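The opening position of the sequence shown corresponds to residue 7 in my numbering, with each subsequent residue numbered one higher.
Glycine included, every Cβ here is placed at the ideal spot set by N, Cα and C.
From a predicted model like this one, the values you see are computed outputs, not experimental measurements.
Structure first, commentary second.
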Amino acid sequence: MSMLADFLNDLVADVDGLFLFSPSSSFYERFESVETGLVVVAPQNSVGADQFVELPLEFENVRDRVRFGIEGAMDEDLVDAGDAIACALGTFGDDSDTLLRVRADEKMHSGMYDLFTNSRADPSVIRDVFEVAIELGKKGQKGSPVGALFVVGDAGKVMNKSRPLSYNPFEKSHVHVGDPIVNVMLKEFSRLDGAFVISDSGKIVSAYRYLEPGAEGVDIPKGLGARHMAGGAITRDTNATAIVLSESDGLVRAFKGGRLILELDPEDY
């Protein structure tokens with residue numbers, strides 16, 4: 007047992023922060039006096055922690071949950087790149103049953119935290135749309151690369167700032183993104199021009215929309231085309247989030263407030 011105690015001591019030795027993921031009140035109280043930077047990562051700050059990172063989704067994958075929490079803490083200037091972080095979280099249930107030691111890395115600054123927080127649309131809706139774009143990026147359409155543009159949230163204003171390119175197959179439907187059958191439909195329709203418009207709650211409002219906002223004041227990297235410019239511009243003029251799959255380089259990018267917040271290779275996700 008002494009060897010086990012030594013190993014556990016090594017895990018927490020000289021850490022720069024202690025992260026408690028969705029702790030119960032009784033568990034949190036045991037660490038309130040810890041001098042090392044104590045951060046609670048949870049859907050709500052129900053324990054009244056001084057340092058808190060919102061977890062809008064309870065990621066099932068422990069690695070994703072930890073990466074998201076650390077990225078959020080870096081965005082909030084609660085930790086710095088290079089800091090050693092001890093993470094206590096529940097893997098097999100609600101109780102904390104897992105202890106990890108993680109080094110905060112600048113590579114964790116992927117933009118995922120910004121994508122899921124402070125968005126008008128429900129985080130689960132953004133996740134579902136994001137995963138459709140990722141799968142399209144990995145598989146394409148019948149083995150060929152495909153581009154797509156999804157505009158999520160503030161659908162009424164987005165519709166007012168766009169026009170139809172063709173008949174809207176979702177005009178009289180009440181289907182929501184996240185349904186496996188609906189996701190297949192999205193992948194099929196992605197072959198055609200125009201953007202998908204999706205409401206805050208995930209209802210697919212329209213396909214084949216031409217976004218009309220001008221490009222003034224939108225700063226996107228050189229080499230990106232009209233689809234990315236349209237995605238950036240519509241988020242400048244509305245409270246929507248745009249998720250874009252590039253046909254040319256296969257990367258998935260996200261825009262909020264007229265700026266690029268995320269860029270990743272679907273194969274790395």
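Just how far apart, CA to CA, sit E222 and T244? Here the question's residue 222 lines up with position 216 in the sequence shown. Here the question's residue 244 lines up with position 238 in the sequence shown. Looking at the two C-alpha atoms, the distance is approximately 15 Å.
P170 in three-state terms, based on DSSP: One-based indexing of the sequence shown puts residue 170 at position 164. Here P170 sits in strand by DSSP.
Pick helix, strand or coil for H182, following the three-state DSSP scheme. The sequence position of residue 182 within the sequence shown is 176, counting from 1. Note: H182 maps to strand in three-state DSSP.
List the residues that DSSP assigns as beta-bridge partners of G43. Counting from 1 along the sequence shown, the entry for residue 43 is found at position 37. In DSSP, G43 forms a bridge with G23.
Three-state secondary structure (DSSP) of K113: Here residue 113 refers to the residue found at position 107 of the sequence shown. In this structure, K113 counts as helix in the three-state DSSP scheme.
Give me, in chain order, the residues of the same chain whose beta-carbon lies closer than 7 Å to that of S116; leave out the 5 immediate sequence neighbours on both sides. What you label residue 116 is simply residue 110 of the sequence shown in a count that begins at 1. Cβ neighbours of S116 beyond the five flanking positions: E77, L268, L270.
For the alpha helix (DSSP H) containing A236, list its first residue and its last residue. For this step, residue 236 is matched to residue 230 along the sequence shown. Unbroken alpha helix (DSSP H) run through A236: 232-243.
Pairs of beta-carbons, one from the segment 153-171 and one from the segment 105-119, closer than 8 Å: are there three or more? no
Within the chosen definition, does the segment 214-221 reach the segment 122-139 through at least 3 CB pairs nearer than 8 Å? no
Candidates V224, H180, G200: closest to V211 by CA position: Within the sequence shown, numbered from 1, the residue matching residue 211 stands at position 205. It is H180 whose Cα lies nearest to the Cα of V211.
Per DSSP, cross-strand counterpart(s) of I91: Counting from one through the sequence shown, the residue named residue 91 turns up at place 85. Answer is G23, V108.
Going by DSSP, which residues form a beta bridge with I210? Reading the sequence shown from its first residue, position 204 is the one you call residue 210. Paired residue(s): I204.
Roughly how many angstroms separate the alpha carbons of F58 and P151, rounded to a whole number? For this step, residue 58 is matched to residue 52 along the sequence shown. For this step, residue 151 is matched to residue 145 along the sequence shown. Each residue's alpha carbon lies about 41 Å from the other.
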